[in-house]
Amino acid sequence: MRNRFFAGLLTAALVDPDLVLITADLGFGAVDEFAAARPGQFVNCGVAEQNMAGLAAGMALAGARVFTYSIANFPTLRCLEQIRNDICYHHADVTVVAVGGGLAYGALGMSHHATEDLAIMRALPGMAVAAPGDPAEVDAVLADLLTVGGPAYLRLGKTGEPTVHQAGVAAPRGASLPVRNGGTSEVLLCSTGAILDEVGKAAEDLDADVRSFPWLDPFDTAAIRDAAATYRLIVTVEEHSIVGGLGSAAAEVLAEAGSGVPLLRIALPAQSSSVVGDQQYLRTAFELDAESIIRRVRNHLEAHRGLASPIR
217 MRNRFFAGLL
227 TAALVDPDLV
237 LITADLGFGA
247 VDEFAAARPG
257 QFVNCGVAEQ
267 NMAGLAAGMA
277 LAGARVFTYS
287 IANFPTLRCL
297 EQIRNDICYH
307 HADVTVVAVG
317 GGLAYGALGM
327 SHHATEDLAI
337 MRALPGMAVA
347 APGDPAEVDA
357 VLADLLTVGG
367 PAYLRLGKTG
377 EPTVHQAGVA
387 APRGASLPVR
397 NGGTSEVLLC
407 STGAILDEVG
417 KAAEDLDADV
427 RSFPWLDPFD
437 TAAIRDAAAT
447 YRLIVTVEEH
457 SIVGGLGSAA
467 AEVLAEAGSG
477 VPLLRIALPA
487 QSSSVVGDQQ
497 YLRTAFELDA
507 ESIIRRVRNH
517 LEAHRGLASP
527 IR
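Structural data, given as structure tokens:
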């Protein structure tokens, strides 16, 4: 995802002299090509994320289109006040980019576990929030960010995420995407972010349909309402706290619609992790791997067999 993002950003910067990339002394293996090709559009502000956000807001208000970039929690939580007051309040054209969302930097410990970012960014007024599921969705989301502008948060995986979509996709702001259709129509698996590949593997075994939500704000409420009229069980899966992410967004829609369709939220527990390890190890430890998703869905269906609302 990271490499696809930088390729798209450089392509845009080559034709737009007002596009600026700011990094907080990180990511030079990935940004070298951008910095070499467009040195006048690249700023390294050092390990000073608050300054990075403030600088980005000022440049945007002067006419630039700015992308800030760092890893995990650092471009969001370390400078939340500046994002809220300088970027969102002034509706500045700044996209905050975090690479390594979720547990991608799991071996570095909880300080590098980006597991509350979606909830926090969703709570900010005027902030668009995107978490593409594969490189194809990165292309689609970036195209929207470059066109629409305004405050936005882009959560990326790290590197090596498989491409799930077999062809290019369009994901205008607020859209969700069908990934797998034609299952038993009993279960819909909803995914956001780089966990999409695990969800797809689980769906094959469950014969379930899959829908990806690359946008959490604005959120595709119609897709959830339609799902409630079609499926016996809606499942949300996210590499994020169970508080405030995809599961919460879906629950809000279902509650306001008065739907009786069960919702199973598969996410990280709302607690700090004392476990370290690579991303796959942690996904298994927190039951976010494909086998765990399969088991949890089957257990839920068995426990609630006959209690689920009939398909309407």
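This note's numbering applies: residue 217 is where the sequence shown begins, and numbers increase by one. Glycine residues also receive a C-beta, built at the ideal position from the N, C-alpha and C atoms. All values reported here derive from a predicted model rather than from experimental measurement.
Asked	Found
Touch check for the stretch 422 to 435 and the stretch 473 to 481: three-plus C-beta pairs under 8 Å?	no
Report yes or no: do three or more beta-carbon pairs, one from the stretch 248 to 259 and one from the stretch 291 to 299, lie closer than 8 Å?	no
Count the C-beta pairs between the stretch 323 to 340 and the stretch 376 to 395 that are closer than 8 Å, then say yes if the count reaches three, no if not.	no
Please name the residue in Ala276, Glu249 and Phe290 whose C-alpha comes closest to that of alanine 264.	Phe290
Report the CB separation of glycine 317 from leucine 237 in whole angstroms; it is logged as a contact under 8 Å.	So it is not a contact: roughly 19 Å between Cβ atoms.
Rounded C-beta distance between alanine 501 and valine 491? I'm assuming under 8 Å.	5 Å
Which residues mark the beginning and the end of the alpha helix (DSSP H) in which leucine 340 is found?	Careful: leucine 340 lies outside any alpha helix (DSSP H) and carries neither H nor E.
Starting from the Cα of aspartate 309, find the closest Cα among Gln382, Pro367 and Gly474 and give me that residue.	Pro367
Please report the straight-line C-alpha distance between glycine 342 and glutamine 495, rounded to a whole angstrom.	31 Å
With a cut-off of 8 Å on the beta carbons, I'd call alanine 314 and alanine 330 a contact; round off their distance for me.	6 Å
Can you tell me which residues form a DSSP beta bridge with serine 464?	Note: serine 464 sits in no beta bridge, so no partner.
In terms of residues, what are the limits of the beta strand (DSSP E) holding leucine 479?	479 to 484
Is the Cβ-Cβ distance between leucine 242 and isoleucine 299 less than 8 Å?	no
Anyone know if the C-beta pair for arginine 499 and proline 351 falls short of 8 Å?	no
Quick check on the DSSP output: what are the complete beta strand (DSSP E) runs of length 3 or more inside the stretch 379 to 463, in order along the chain?	393 to 396, 403 to 408, 425 to 428, 431 to 433 and 449 to 457
Quick one: is glutamate 420 buried, meaning 16 or more other Cβ sit within 10 Å of its Cβ, or exposed?	exposed
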